[in-house]
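Working notes for the structure below.
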Amino acid sequence: MQFMLLFSRQGKLRLQKWYVPLSDKEKKKITRELVQMVLARKPKMCSFLEWRDLKIVYKRYASLYFCCAIEDQDNELITLEIIHRYVELLDKYFGSVCELDIIFNFEKAYFILDEFLLGGEAQETSKKNVLKAIEQADLLQENLDFQIRLFPGVLNPSMSAESSGLFQS
1 MQFMLLFSRQ
11 GKLRLQKWYV
21 PLSDKEKKKI
31 TRELVQMVLA
41 RKPKMCSFLE
51 WRDLKIVYKR
61 YASLYFCCAI
71 EDQDNELITL
81 EIIHRYVELL
91 DKYFGSVCEL
101 DIIFNFEKAY
111 FILDEFLLGG
121 EAQETSKKNV
131 LKAIEQADLL
141 QENLDFQIRL
151 FPGVLNPSMS
161 AESSGLFQS
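For the sequence shown, full-length UniProt numbering assigns the number 1 to the initial residue and increments by one for each residue that follows.
Okay, structure coming up:
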């Protein structure tokens with residue numbers, strides 16, 4: 001997979017993950033071109049497009065389009081399955097995921113994608129294993145946040161106990 005884009009029906013980009021090095025200018029150009037092309041298609045049309053020297057595979061879930069670019073020799077159906085698996089992971093994590101979940105928790109959406117895909121290839125196909133890794137990372141983050149609040153000057157040297165408000169009267 002070369003890249004994955006998530007965008008709304010209005011064409012607003014919600015998430016982008018690039019697995020090939022491209023300039024920001026080229027990424028913007030590609031994104032604009034693909035968003036226009038996908039949004040112009042009718043709902044009953046095929047979810048596969050040939051574009052430049054790549055194949056574009058997309059799927060609409062509610063108000064979001066999930067769009068992937070794959071190489072010519074890659075399998076479109078496997079890519080559709082990868083998109084679907086990512087949506088299932090988001091759905092499990094957020095509990096009926098919606099566009100607002102992606103907007104307000106974009107770092108978590110990226111983290112879930114990174115746990116699932118590595119270098120544009122599925123690194124873990126088990127939903128259970130991916131969700132367990134995400135849960136462990138969440139627990140680790142909660143532990144760290146708690147420890148920072150408990151010992152502000154120790155774990156975060158730039159923040160002394162006085163500046164943390166811990167000893168204010």
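Where is the CB? At the ideal position from N, CA and C, for every residue including glycine.
> Are F66 and L117 touching if we call contact CB-CB under 7 Å?
Replying inline: no
>> Checking 7 Å against the spacing of the C-beta atoms, do D101 and F94 come in under that value?
In response: yes
>> Based on DSSP bridge pairs, tell me the residues matched to residue 191.
In response: Residue coverage of the chain in this structure runs from 1 to 169, which leaves residue 191 outside it and unanswerable.
> Name the DSSP bridge partner or partners of I70?
Replying inline: K55
> Is the segment 80-100 close to the segment 46-61, with three or more CB pairs under 8 Å?
Replying inline: yes
> Cβ of L89 within 7 Å of Cβ of A69?
Replying inline: no
> Do M37 and Y19 have their CB atoms nearer than 7 Å?
Replying inline: no
> In terms of DSSP beta bridges, what is M4 paired with?
Replying inline: K17 and C68
> Who does F48 pair with in a DSSP beta bridge?
Replying inline: V57
>> Going by DSSP, what residue range makes up the alpha helix (DSSP H) through V130?
In response: K127 to L150
> With a CB to CB cut of under 6 Å and the five nearest residues on each side skipped, what residues in its chain are close to M4?
Replying inline: K17 and C68
> Near S8, what residues of its chain come up, given a Cβ to Cβ distance below 8 Å and the 5 sequence neighbours on each side ignored?
Replying inline: R14, S63, L64, Y65 and E99
> So, is the C-beta of L54 closer than 7 Å to a C-beta in chain D?
Replying inline: No chain D appears in this structure, which consists of one protein chain only.
>> By the three-class DSSP mapping on this structure, what secondary structure does A109 have?
In response: helix
> Which of helix, strand or coil does DSSP assign to V97?
Replying inline: coil
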